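Heads up: the protein sequence lines correspond to chains C and R, in order. Using the working numbering, read the first sequence as starting at 1 and increasing by one per residue. Using the working numbering, read the second sequence as starting at 1 and increasing by one per residue. C-beta atoms are modelled at their ideal positions from N, C-alpha and C, and glycine is treated no differently. Note that the structure is a prediction, hence the values are computed from the model and not measured. Report on the following structure.
Protein chains: 2
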Amino acid sequence: MQSKTAYNLDKYTRQRIKQIDQALNKFLPGPRSKPITIHRAMRHSLFAGGKRIRPIITLASAEACGGLVSRAIPLACAVECIHTYSLIHDDLPSLDNDDFRRGHPTNHKVFGEGIAILAGDALLTQAFDIAARTKPTKRYSIAKTTLELTHTSGSQQLIAGQVADLEGEGKKLTLAQLRYIHERKTSALLTCAARLGGMSANCTTTQLKALTDFGRHIGLAFQVIDDILDVTQTSKQLGKTAGKDQAVNKATYPAAVGLNKSKKIAKNLTDKAYMALKPFKGKAVALEAIAGYLLDREY
Amino acid sequence: MQSKTAYNLDKYTRQRIKQIDQALNKFLPGPRSKPITIHRAMRHSLFAGGKRIRPIITLASAEACGGLVSRAIPLACAVECIHTYSLIHDDLPSLDNDDFRRGHPTNHKVFGEGIAILAGDALLTQAFDIAARTKPTKRYSIAKTTLELTHTSGSQQLIAGQVADLEGEGKKLTLAQLRYIHERKTSALLTCAARLGGMSANCTTTQLKALTDFGRHIGLAFQVIDDILDVTQTSKQLGKTAGKDQAVNKATYPAAVGLNKSKKIAKNLTDKAYMALKPFKGKAVALEAIAGYLLDREY
């Protein structure tokens, strides 16, 4: 990741990605564990060169609250497992039907639909396994952090977003309906990522609220920008099929309000994310830089 | 359930099913929660008239350890959510491809594959949500009971069984390979059901070991009997497509060792399950009756 601010985000993210990848590799059963197929499939998607935005946000949020990266790593990995599971299932033919993801063939294209479904299931289960092995803090028990994950990935948030997205295909949606989808499909897990980082650092109520606001706005901005990139970039640049939203007549911000207004909305949401970080009084430099990077992705 | 023993298993199970159904109904988002489709789909499979064998075993195990049914109910519900999720995904066209389950059309036949995948995901997530809301006991923390569930339903147990089952189709398997599948696909969750019941009652190590042995043997017996029933019963009797194992050339006990030897193995495993209950000195009457009922299912 490169940021236009003075802060060296590139160096920060490279270090953090290394730590996250090492931890994920340790948490997951080895690639030769039996049955080999399922562990290869889980690792295919988990180590497909994702940008690790969510777990990095977890770590940076912990640091903003004065916590240690080492204490935040397990919950960061749990969040990434949930994210990867949701991508595997979302890419399936009966859902978004995507052949490419992060520049690689999607899980079901390599391993078949049956194994892809099971690999997603296994990663979701793995997330709760990792979360249950995390050391609790004074304010946040294992039960609390687990409920944070179940709430976010359950039938009224992450899955609700996918259902609404599926049911909205080919329909003209209002901005409110679009926002309902984005809040659940993207913003919920980014918010959860930030909150869990704070929780791992035994954060105060004020800090948790700030991280919640930050995650929510950055999450919405992220999805608006993703919609924009789908229109403006090539498949090669995206690492996944470009122009797909338009092809399946999916409701997006550019389709609803046009490209220019979408860019303005993204900018506005990012500004609100910056504002949310005020209580950290300059200690949230990494989070600020991430917000800037997300807005400035090429479009 | 009717048992051939003097114990009134039928009355016991009717009462317990009522308690389980009431609790599941309370734990799950209401059928009118948005998005309505996903909650209808979750409830379609969860309230399809299953025999609730696993959660009943959880409750009966708690009682055998001197625990209260009310304390065991949440974990019993978590187990049933995991069981139902695994059935929904297992029934999908890319896995077992089943059109009927418990006498009703399978989830994807009613709601489509996309929603069925998401409904399974949501029920798996719901299981961990319920488990995290459970009151811990002195010996068993939320982390311990959650890890019991993640271990059982993860890539080296429940999912490993489904993978091995999928990869074994059309192949001649050895009895050891068949046992590998059964231990993971069926026995693991039945064992987990019994252990969690014990844990909810703050059981001793001896009691936990006894419940583990009981669950393992009854689980293996259960699958052998299921294989036998697939050969000897009609679809109407089973509530699902009969003769399916043979049609897809699936490895089963009757196919591997014949019908008579399969029945002997089932009887032998059930005897071992009875034996495992000795430490409870007559306090495990419900568990005994359940083992007897499972063996005596019509074949």
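Here the alpha carbons of H151 (chain R) and Q157 (chain R) stand approximately 7 Å from one another. Positions of the alpha helix (DSSP H) runs, each at least 4 residues long and wholly inside the region 40 to 121 of chain R, are given as 53 to 64, 69 to 90 and 107 to 111 in order along the chain.
For Q126 (chain C), at least one C-beta of chain R is nearer than 8 Å to its own C-beta. In the DSSP assignment, D213 (chain C) falls within the unbroken alpha helix (DSSP H) covering T205 to T232. Residues of chain C whose Cβ lies closer than 7 Å to the Cβ of Q162 (chain R) are, in chain order, L118. At a cut-off of 8 Å between beta carbons, H83 (chain R) makes no contact with chain C. Cβ-Cβ distances below 8 Å link G66 (chain C) to A201 and K283 in the same chain, with the five nearest sequence neighbours on each side left out; the list follows chain order.
In this structure, the CA atom of T212 (chain C) is about 40 Å from the CA atom of K18 (chain R).
No Cβ of chain C is located within less than 8 Å of the beta carbon of S187 (chain R).
Nearest in C-alpha terms to I20 (chain C), of all of C:I38, C:A78 and C:N8, is C:A78. In the structure shown, G282 (chain R) adopts coil according to DSSP, grouped into three states. With respect to the C-alpha of T252 (chain R), the residue from R:K185, R:R54 and R:T206 having the closest C-alpha is R:K185.
Identification of chain C residues near E113 (chain R) by a Cβ-Cβ cut-off of 7 Å yields S94, ordered along the chain. Interface flag for M42 (chain R) against chain C is set, since a Cβ pair is found closer than 8 Å. Annotation for P254 (chain C): D227, I228, V231 and S262 place their beta carbon closer than 7 Å to its own, counting only its chain and skipping 5 residues before and after. In this chain, the alpha helix (DSSP H) harbouring S262 (chain R) covers L259 to A276. Take the alpha-carbon of P74 (chain C) and the one of G50 (chain C): they are about 18 Å apart.
Of all residues in the region 21 to 43 of chain C, those with a C-beta nearer than 8 Å to a C-beta of chain R are P29, S33, K34, P35, T37, I38, H39 and M42, reading in chain order. As the crow flies, the alpha-carbon of I290 (chain C) is around 43 Å from that of L166 (chain R). At least one CB atom of chain C sits nearer than 8 Å to the CB of E167 (chain R). Apart from the 5 residues on each side of it in sequence, L208 (chain R) sits with its Cβ closer than 8 Å to the Cβ of R195, G198 and M199 in its chain, given in chain order. The Cβ-Cβ distance between I88 (chain R) and G112 (chain R) does not fall below 8 Å. According to the DSSP assignment, Q156 (chain C) belongs to no alpha helix (DSSP H), since it is labelled neither H nor E. With respect to chain R, the C-beta atom of L259 (chain C) has no partner C-beta closer than 8 Å.
Interface annotation, G103 (chain R): not in contact with chain C, CB-CB separation never under 8 Å. Secondary structure of P29 (chain C) (DSSP, three-state): coil. Boundaries of the alpha helix (DSSP H) around L196 (chain R): A188 to S200. Sequence-ordered contacts of the region 44 to 62 of chain R with chain C are nonexistent [C-beta pairs closer than 8 Å]. Here the region 138 to 145 of chain C makes contact with the region 131 to 147 of chain R; the two share three or more CB pairs at distances below 8 Å. Going by beta carbons, Q162 (chain R) and L118 (chain C) fall inside the 8 Å limit. In summary, E169 (chain R) is exposed, with fewer than 16 beta-carbon neighbours lying within 10 Å of its beta-carbon over all protein chains present.
The residues F111 and I115, in chain order, have a CB closer than 8 Å to that of T37 (chain R) in the same chain once the five nearest residues on each side in sequence are set aside. Taking a beta-carbon distance threshold of 8 Å, H89 (chain R) counts as an interface residue toward chain C. Linking R52 (chain C) to K26 (chain C) through their CA atoms gives a straight-line distance of about 17 Å. Interface annotation, T150 (chain C): in contact with chain R, CB-CB separation under 8 Å.
Inclusion of A221 (chain R) and L295 (chain R) in the CB contact set at 8 Å is warranted, their separation being smaller than that value.
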